[in-house]
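Some notes on the structure that comes next.
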């Protein structure tokens, strides 16, 4: 249990220290050392509990609950005041409703309930802890170099980097809290801290746009938080328990837990930025890039899907399960479509995140062991590849001055290393034999087995769209342009170190995933479901995939970039002037050539797709909740 | 014959016979096409002569990497076919085929040539157009036989076509795209009069172009294998029927090729997706009622 406490409290202590450290030097040393300790701590945790099939810990000392309550009231007050100050009254109203309910509950009902175990650890939380501890802290290290550039670009503003790094480490602490908490009141406390951190980080630049987007994020997440509070109150009053494992046990014994499951899933849906709440994650793009990487890969949205995947055993064919799988499926399809129409790299990444989370949510909604296998694999592969991609875009942006994919023409010639890492990330997101595709394959099979034919249609069309938008980006950066200057030497060493590590991790996870499946995920599923029938992908096929990746790596080592052929200029409609970018046209004029990608706005326009998505998902949620309430009343 | 021996024989046969059969098929195709256009046409072995000649051309390239991508394209097309004829998993086969196609597209993109890139983007669009229907086809087989393994599909109790008529029609529809036949030969065409320079293959020459041609022979045989699956079951005479149907379907594709001019890309994606969303969807719906 001490390792769990260490992982929750150590980042908190570091965060407080970073708040007072003002010099670059001290901050750099502390962040790097703390990142190494947190990463090592999570690896140690994995080693320590590797043999366990779920350990639960009771924590003596009710004072912790009161400290948390006090902090919650303080946070609520803070948000309330900010809401008034910036005239965003909805945020104030939401905290004004949910904080008193929570206080009332804890004083009247909560303290009468005997909590068996506050904290727990199983193989799924180990995976989450590794994602947070390794990828999260790598992003913090990356942020060191990035924020130096950021401050340089915004030198007219006050240096608020202490606050920035404070929030990053606080975020990690809260995330560890979420994945180790079994007591839902604790879980809710950490949940609200991540909401607050994301709010402050999104609004970090203090521009009008940033403030608006920050408030949009907090309003949506408070809405989810409200669902969470209702779930806790309902559970406490009805089942006399506030423990997650008890809820799952009651549900798996055959009693109906649809109401708390639906409410908690709703909280997860808001946090995981599913439609109709996807706009907060898109708005979060105004924050500095490390924040995006953190929100998308190892924190925040992963907290949302974590909770829903935890609930998977009580989802399935019931109103809560159907709500979750349909919202996830629709989000996957439409967000993949929208990604085609985007040219801003960060927005493409954001929509791809929303889509992939949709897939994870839909898998959890189906709730079978095979579907949860796919969901956990998706979480792992997505965390590694997406953080890599965000950080690559961040580095490219600082050096080529744009985050538009159209400006990444021939990145391969200008920034070869960053481009290669970006290619690894992109391939990791959609292409066999990399990881995401394997999980998509498993998800597809789980969808077919679930008998939900609409979901099957969503995934086949969504996959086609995914293929399209990733490959057109891939093509852009793979184009080889003659006579380009290599500008890579300006990149900070921290950034290159983190990118290299993440790229290596992406490949490594894809090579090792059959082992990961056999020794971590299958044991977890066995512990949860008692029996795990055939997995979606046979182990033979898993090894074939890993072997194909090895083959590609081998081919690249043997043959990449080697040729003894004569190199000639490309064909153009007239005589090539030699730089492959212009040619001599008629009557002696020089014509320059530029190439643009396809966006298919008339098919996949963002506005249209969002309207369709928001209306259909709202209709599903309203339908399901009225059905549930109708059953109660 | 045990399973391993079967796999070794099937893979070896595919590796050796597929390019021969694919080349012959291309030769017959050109001959029939010529007759349809009122010409005599080349000898049946002309595709082989062409490829041998390409191998003798001077080696030139526009950059150091595109040959590598094309070699990978060929390798993974061959691997796809090997998985298929060894009786592997249908989804694995589709994903490997996708990987191979991505190598071809990246090869064209890497040249940074305007014509090759237009071809590459159109190829990508075509992939997006046919991908849903291809996946639905695999899912259809799974719903009928309860497995994605081809070895179990061909050993089934009856021909899949009985359960999958809608999916079969949808598959034949997108087969026109996959076989690069007009009206959907948007990215690269055998009809010079409707091509932008040479489409996707503008910047490839000599040996590299020959490799693409050989890859297509392999690919076409594998695609005909897909058609074969609809008509194969455990009856001893079913292979004869299935091969006969393959020939008819290929002839149908040649017929369409010579009667249609290239259309705009919108029509290709609209109709392919509509085919998948109606024929595929309705067929699956009916299957679910039978299965569940």
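Chains as they are written, first to last, in the numbering used here: chain A, 35 to 667; chain B, 733 to 1024. Don't be surprised by glycine CBs; every beta carbon is placed ideally from N, CA and C.
Residue i, DSSP secondary structure in three states
i	result
residue 794(B)	coil
residue 90(A)	strand
residue 240(A)	coil
residue 617(A)	strand
residue 601(A)	strand
residue 624(A)	strand
residue 378(A)	strand
residue 734(B)	coil
residue 30(A)	Coverage of chain A is limited to positions 35 through 667, which leaves residue 30(A) absent and any answer about it impossible.
residue 821(B)	strand
residue 951(B)	helix
residue 919(B)	coil
residue 881(B)	strand
residue 277(A)	strand
residue 678(A)	With chain A covering 35 to 667 only, the question about residue 678(A) has no answer from this structure.
residue 556(A)	helix
residue 217(A)	strand
residue 175(A)	helix
residue 115(A)	helix
residue 610(A)	strand
Cβ-based burial, residue i [other Cβ within 10 Å; buried from 16]
i	result
residue 356(A)	buried
residue 118(A)	exposed
residue 884(B)	exposed
residue 751(B)	buried
residue 979(B)	exposed
residue 57(A)	exposed
residue 146(A)	exposed
residue 690(A)	In this structure chain A extends from 35 to 667, so residue 690(A) is not present and cannot be described.
residue 96(A)	exposed
residue 894(B)	exposed
residue 272(A)	exposed
residue 762(B)	buried
residue 190(A)	exposed
Residue interval of the beta strand (DSSP E) (run including residue i)
i	result
residue 154(A)	153 to 155
residue 783(B)	From DSSP, residue 783(B) is part of no beta strand (DSSP E) but of the alpha helix (DSSP H) over 778 to 787.
Same chain, Cβ closer than 7 angstroms to residue i, five either side skipped, listed in chain order
i	result
residue 114(A)	126, 129 and 130
residue 603(A)	610, 612 and 614
Endpoints, alpha helix (DSSP H) assigned at residue i
i	result
residue 970(B)	970 to 991
residue 78(A)	58 to 82
residue 313(A)	313 to 317
residue 899(B)	897 to 910
residue 1007(B)	997 to 1007
residue 138(A)	123 to 142
residue 507(A)	487 to 512
Close beta carbons around residue i, own chain, < 8 angstroms, minus the five adjacent residues each side
i	result
residue 417(A)	165, 169, 331, 332 and 336
residue 51(A)	64
residue 244(A)	236, 237, 238, 320 and 321
Chain-order list of residues whose beta-carbon lies under 6 angstroms from that of residue i (same chain, five-residue window excluded)
i	result
residue 140(A)	103
residue 154(A)	90 and 216
residue 267(A)	139
residue 857(B)	997
Residue i Cβ short of 7 angstroms to the ligand GTP heavy atom set
i	result
residue 370(A)	Here there are no bound small molecules, and the ligand GTP is not part of this structure.
ask   = Going along the region 776 to 808 of chain B in order, which residues come within less than 9 angstroms of chain A, judged by CB to CB distance?
value = Closer than 9 angstroms at the C-beta level to chain A, one finds these residues of the region 776 to 808 of chain B: 790, 791, 792, 793, 794, 795, 796, 797, 798, 799, 800, 801, 803, 804, 807 and 808.
key: Chain-ordered residues of the region 563 to 589 of chain A with a beta carbon less than 9 angstroms from chain B   = So the list reads 571, 572, 574, 575, 578, 579, 582, 585, 586 and 589, given in the order they occur along the chain.
task = Quick one: which residues of the region 502 to 519 of chain A get their C-beta closer than 7 angstroms to a C-beta of chain B? List them in chain order.
result = Taking 7 angstroms as the Cβ-Cβ cut-off against chain B, the residues of the region 502 to 519 of chain A that qualify are 502, 505, 506, 508, 509, 512, 513, 514 and 515.
ask   = Going along the chain, which residues of the region 336 to 361 of chain A sit with their C-beta nearer than 9 angstroms to a C-beta in chain B?
value = Within the region 336 to 361 of chain A, contact with chain B at the beta-carbon level (separation under 9 angstroms) is assigned to no residue.
task = Check each residue of the region 737 to 771 of chain B: if its Cβ is closer than 9 angstroms to any Cβ of chain A, include it; give the result in chain order.
result = Listed by position, the residues of the region 737 to 771 of chain B near chain A (Cβ gap below 9 angstroms) amount to none.
task = Residues of the region 831 to 853 of chain B with a CB closer than 7 angstroms to any CB of chain A: list them in chain order, please.
result = Answer set for the region 831 to 853 of chain B: 831, 834, 837, 838, 841, 842, 843, 844, 845, 846, 847, 849, 852 and 853.
request  = Would you list, in chain order, the members of the region 428 to 440 of chain A that have their beta-carbon closer than 9 angstroms to a beta-carbon of chain B?
outcome  = From the region 428 to 440 of chain A, no residue has a Cβ closer than 9 angstroms to chain B.
query = Which of the residues in the region 922 to 934 of chain B, read from start to end, lie with their CB under 7 angstroms from any CB of chain A?
reply = For the region 922 to 934 of chain B, residues whose beta-carbon sits nearer than 7 angstroms to a beta-carbon of chain A comprise 929 and 934.
request  = Could you please tell me which residues of the region 607 to 626 of chain A, in chain order, have their CB closer than 7 angstroms to any CB of chain B?
outcome  = Cβ contacts with chain B: 614.
inquiry  = To be precise: take each residue of the region 457 to 491 of chain A, compare its Cβ to all Cβ atoms of chain B, and keep it if any distance is under 8 angstroms. Which residues remain?
reply    = Across the region 457 to 491 of chain A, CB contacts with chain B closer than 8 angstroms involve 465, 466, 467, 471, 475, 478, 479, 482, 485, 487, 490 and 491, in sequence order along the chain.
request  = Give, in chain order, every residue of the region 895 to 926 of chain B whose Cβ lies closer than 7 angstroms to some Cβ of chain A.
outcome  = Taking 7 angstroms as the cut-off between beta carbons, none of the residues of the region 895 to 926 of chain B comes near chain A.
request  = Give the residues from the region 933 to 963 of chain B that approach chain A closer than 7 angstroms (Cβ to any Cβ), ordered along the chain.
outcome  = Going along the region 933 to 963 of chain B in chain order, one finds 934 and 935 with a Cβ nearer than 7 angstroms to chain A.
inquiry  = For the region 1011 to 1024 of chain B, list every residue whose C-beta sits within 7 angstroms of some C-beta in chain A, in sequence order.
reply    = Within the region 1011 to 1024 of chain B, contact with chain A at the beta-carbon level (separation under 7 angstroms) is assigned to 1013, 1016, 1017, 1020 and 1024.
message = If the cut-off is 9 angstroms on Cβ atoms, which residues from the region 595 to 607 of chain A count as contacting chain B, listed in chain order?
response = So the close ones are 595, 596, 597, 598, 599, 600, 601, 602, 603, 604, 605, 606 and 607.
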